[in-house]
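Sequential numbering of the sequence shown, starting at 3, is according to my numbering. All C-beta atoms in this analysis are idealised placements derived from N, C-alpha and C, irrespective of residue type, glycine included. Structure first, then comments.
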Amino acid sequence: MEEVTIAGKVMVPVGGAVLMIDYVVWDNRAWLTPNWLENAAGTLRRPIRVIAPKMAPGFTAPSGADFLDIFTQTGLPQSVLDQGHIPPEFAPILEVVENPEIFIQAQPAAG
Numbered sequence: 003m004e005e006v007t008i009a010g011k012v013m014v015p016v017g018g019a020v021l022m023i024d025y026v027v028w029d030n031r032a033w034l035t036p037n038w039l040e041n042a043a044g045t046l047r048r049p050i051r052v053i054a055p056k057m058a059p060g061f062t063a064p065s066g067a068d069f070l071d072i073f074t075q076t077g078l079p080q081s082v083l084d085q086g087h088i089p090p091e092f093a094p095i096l097e098v099v100e101n102p103e104i105f106i107q108a109q110p111a112a113g
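Written out as structure tokens, the structure is:
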């Protein structure tokens, strides 16, 4: 598994709300990371899925978060953020990796 860090947050319209969604830079590109799982010890978190705009064959995605701005303009349905489902109309434009082999160090709880 590869360690990454949360690179920032992106505001994304989802349904009737606007959500602040984490993003990471992995494999030289920015990926939305909407949901995280934490290990039992509370020391590591892994994304359930990562989401990025799909690139045309032969083109390389830019590594910065600016490329994720497409999501701030178009929005996403909630089902895209949930594991295991991509609506057919979004399948041609989204690249989704389920349970990627990446993790972040969990932040200790303030107390």
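Outcome for residue i when other beta-carbon atoms lying within 10 angstroms are tallied against a minimum of 16
i, result
"A32", "buried"
"I23", "buried"
"F61", "exposed"
"P102", "buried"
DSSP-derived helix/strand/coil call for residue i
i, result
"Q107", "strand"
"T35", "strand"
"V82", "helix"
"D29", "coil"
"A63", "coil"
"I23", "strand"
Chain-order list of residues whose beta-carbon lies under 7 Å from that of residue i (same chain, five-residue window excluded)
i, result
"L39", "R47, R48, I50"
Same chain, Cβ closer than 8 Å to residue i, neighbours up to 5 away in sequence not counted
i, result
"V26", "V6, T7, I8, A9, A32, W33, T35, P49, V52, I104, I106"
"S81", "H87, I88, P89"
"K56", "P94, I95, L96, E97"
Same chain only: Cβ atoms within 6 Å of residue i, ignoring 5 sequence neighbours per side
i, result
"Q109", "none"
Integer-rounded CB distance, given that residue j should sit under 8 Å from residue i
i, j, result
"V14", "L78", "6 Å"
"L83", "N37", "7 Å"
Three or more beta-carbon pairs under 8 Å between the stretch 17-24 and the stretch 86-100, yes or no?
no
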